[in-house]
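> Protein chains in written order, with the numbering used here: chain C, 2 to 353; chain R, 7 to 357. Don't be surprised by glycine CBs; every beta carbon is placed ideally from N, CA and C.
Spelled out as structure tokens, the structure:
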């Protein structure tokens, strides 16, 4: 009698399959890296055949103890194999990133593999780490413009087991810089705060009266400084209704005149309001540099210098200000009139 | 009916007067920007020459500007000009034409005015124009008791009509050091040149600072490219600042601080000039130095050199005094301790 097997072939196959499926994960196999959450390699220069440094950034996704970061550059690039040249720092890294923990000067730089290995500290998952590598005698971009050149960033354990890995595409262009050129023209800016100036109260034989004053502001890049002049149409305050003129006081003699209450007189006072920062030193002409509220210079029918800014080149000015104030005194016998007025011309220019 | 007509008449009269009153009370600011700065032109007699002058008014509203022509000469010895109205013999005013002498100037828009000088064949040597821009109407007498202030900006134009008789000649009037002895830099020099020719020009050169036969520094003469007019003298200031320590002008609230005599207040900076006060390769200056002026001008045939020199001392006497006092103090302290030590030793030996 033929004895039949109690275990069918089908059952044997099923059993083997079950054993394999249970044991398979226990069999050692090569590690397979996972992609970084975020990774990029930003070179300082994109121009072809140009020495460059760069910034390496990566956000780990795998929990492991990193010991190295390995950056592989495209085969078209030239990697300097002196590892000591590949110095690193973590200054001015992109906003939101953290300085790469434990990053040091490269421990190896190989060519033609174009792989540079840096020591890394243990990184925290989901944190973006960055570091910069030097541009001095390290990396030279491809000899000609090209796109989609493959590079990669990989973290490894101290025993060189891959942890996270991301491939990156780099591109080169023929030129990556814009030359910016500009012309600063020589200019003279003359600002007068107003084209009228009124005596704030009626003229009075008992006291000297002054106008509110007008400012002249000068800004110029003239290397030799600037000057301002003034001239007067009638050398006095004239009233058409009274047909009378209050004459200017004194003569042009390099010293101001002091008005006396009760004695007719009319002068122009120039005050140094701001000697702005700049190369030149502002000074009021002695004739018009009245030291008191009663003093000023004689008004002339020809242009007289009232202030100048001079000095060693570059004697520029950036907002020098002088204030022009007209002062007048009348006698008790000065004819009445509501229209005593004058016209003063003030001109400024850069020195020659 | 008469009363109504009178009322209407008065009202109309008031309305008519109102703008005049307002005009008298309103003051308009003036802002004029001109370019270039003093400009040099050269031409041959009989050959016209032109230059573009740019102007804009930035007073807040549109305006009309006008161009007027004046002349200028040297005022003082530091490159300041003085404006003059046309004189009786100034026919060179007639040679000048502007493509527009009065024009609309929208606010903050550059306008270009072309100045053409049609020099006759008889023109020779130098002519010095001032082109003055001002706002139309600002020179009109104001109503009431208000003064009119008429502002203007002048562009200086120096014309050299190159004729055979042109003579470029300059002499050194003086080379002066502002002080014979400086405690610290800057050392300041005034180079006074005299134009003895009949045309203006821009002198160039250097002031070499020598210590013995060794050159310490080379300073540029006339960095501002300033002209010297014929028959005039001009002082070109030169400063040697590169020393440790050195004085710098005090700037407060963006302006140079002045003393009661309107002179800039200075402070001692313990750093080389331009070092920002850092002690970086300090250039300590002391001893006797010589400033050697070497300038060159082209007289039309060749380069003519002119030279002069002046000596000066840099003696940081307060620094020396402090060091000497310190050394003397150390000497006396050391002597005192030595004597005390000696006494103690003697005492111990006696025991």
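So the alpha helix (DSSP H) residue 328/R belongs to, where does it begin and stop?
Run containing residue 328/R: 323-356, per the alpha helix (DSSP H) assignment.
> Under a three-way DSSP split, which group does residue 252/R fall into?
Three-state result, residue 252/R: strand.
> Could you name the residues that DSSP lists as bridge partners for residue 290/R?
In DSSP, residue 290/R forms a bridge with 250/R.
> Please name the residue, chosen from 247/R, 128/R, 80/R, that lies closest to residue 192/R on a Cα-to-Cα basis.
Taking only the C-alpha atoms, the option nearest residue 192/R is 247/R.
> Helix, strand or coil: how does DSSP classify residue 328/C here?
If DSSP states are grouped into helix, strand and coil, residue 328/C belongs with the strands.
> My guess is that residue 69/C and residue 157/C are in contact by the Cβ rule of under 8 angstroms, so how many angstroms apart are they, rounded?
Contact holds; Cβ gap of about 4 angstroms.
> With which residues is residue 268/C paired in a DSSP beta bridge?
Looking at the DSSP assignment, residue 268/C forms a beta bridge with 328/C.
> Would a check of beta-carbon distances place residue 336/C closer than 8 angstroms to chain R?
Taking Cβ atoms only, chain R never reaches closer than 8 angstroms to residue 336/C, which makes this a no.
> Per DSSP, what kind of secondary structure is residue 13/C in: helix, strand or coil?
Three-state DSSP puts residue 13/C in a helix.
> Between which two residues does the beta strand (DSSP E) harbouring residue 230/C extend?
Start and end: 227-233.
> Using a C-beta to C-beta distance shorter than 8 angstroms, which residues of chain C count as neighbours of residue 41/R?
Per Cβ cutoff of 8 angstroms: 186, 187, 188, 189.
> Just reading off the beta strand (DSSP E) that residue 73/R is part of, what are its end residues?
Residue 73/R -> beta strand (DSSP E) spans 69-81.
> Let me check understanding here. Comparing Cα to Cα, which of 66/C, 51/C, 321/C lies closest to residue 125/C?
Here the closest residue by C-alpha is 66/C.
> Check residue 78/C in the structure and name its three-state DSSP category.
It is coil, neither helix nor strand.
> Using beta carbons (cut-off 8 angstroms, strictly below), is residue 155/R in contact with chain C?
So, interface residue.
> One question on the structure: do residue 237/C and residue 318/C come within less than 8 angstroms of each other, judged by their Cβ atoms?
No, the Cβ-Cβ distance between residue 237/C and residue 318/C is not below 8 angstroms.
> With 7 angstroms as the C-beta to C-beta threshold (strictly closer), list the residues of the region 193-219 of chain C near chain R in chain order.
So the close ones are 193, 194, 195, 196, 197, 198, 199, 200, 212, 215.
> Helix, strand or coil for residue 164/C per DSSP?
Strand at residue 164/C.
> Find out if the Cβ-Cβ distance for the pair residue 249/C, residue 152/R is shorter than 8 angstroms.
No. Outside cutoff.
> Please list, in chain order, the chain R residues whose beta carbon lies closer than 8 angstroms to that of residue 101/C.
Simply none; closest approach about 33 angstroms.
> When the cut-off is 8 angstroms and only beta carbons count, does residue 142/R lie next to chain C?
No, because no Cβ of chain C sits closer than 8 angstroms to the Cβ of residue 142/R.
> Identify the contact partners of residue 54/R in chain C, using a Cβ-Cβ distance below 7 angstroms as the criterion.
By Cβ distance, chain C contributes nothing, its closest Cβ being about 23 angstroms from residue 54/R, past 7 angstroms.
> List the DSSP bridge partners of residue 241/R.
Residue 241/R is bridged to 198/R.
> Should residue 199/R and residue 213/R be called a contact, given that it needs their Cβ atoms to be closer than 8 angstroms?
Cβ atoms of residue 199/R and residue 213/R: not closer than 8 angstroms.
> Inspect the beta-carbon positions of residue 152/C and residue 173/C and report whether they are closer than 8 angstroms.
No. Outside cutoff.
> Ordered along the chain, which non-local residues of its own chain (more than five positions away) have a Cβ less than 6 angstroms from that of residue 304/C?
Excluding positions up to five away in sequence, the list reads 230, 232.
> From this set, 63/C, 185/C, 266/C, 81/C, which residue's C-alpha is nearest residue 127/C's C-alpha?
Ranking 63/C, 185/C, 266/C, 81/C by Cα distance to residue 127/C puts 63/C first.
> Using the C-alpha atoms, what's the distance from residue 264/C back to residue 306/C?
Taking the straight line from one Cα to the other gives about 27 angstroms.
> CA-CA distance, residue 251/R and residue 85/R?
Approximately 31 angstroms between the Cα atoms of the pair.
> Please classify residue 98/R: does DSSP put it in a helix, a strand, or coil?
Residue 98/R: helix per DSSP, three-state reduction.
> Residue 341/C by DSSP, collapsed to three states: which one?
Three-state result, residue 341/C: coil.
> Could you please tell me which residues of the region 329-353 of chain C, in chain order, have their CB closer than 7 angstroms to any CB of chain R?
Taking 7 angstroms as the Cβ-Cβ cut-off against chain R, the residues of the region 329-353 of chain C that qualify are 339, 340, 341, 342, 343, 344, 345, 346, 347, 348, 349, 350, 351, 352, 353.
> Can you tell me the Cα-Cα spacing of residue 238/R and residue 351/C, whole angstroms?
Distance between the alpha carbons of residue 238/R and residue 351/C: 18 angstroms.
> Going by DSSP, what residues sit across from residue 281/C in a beta bridge?
Looking at the DSSP assignment, residue 281/C forms no beta bridge with any residue, so it has no partner.
> How would you write the range of the beta strand (DSSP E) that residue 140/R sits in, first residue to last?
Residues 131-141.
> Taking C-beta pairs closer than 9 angstroms, name the residues in chain C that residue 151/R reaches, listed in chain order.
199, 200, 203, 204, 238, 240, 338, 339, 340, 341, 342, listed in chain order.
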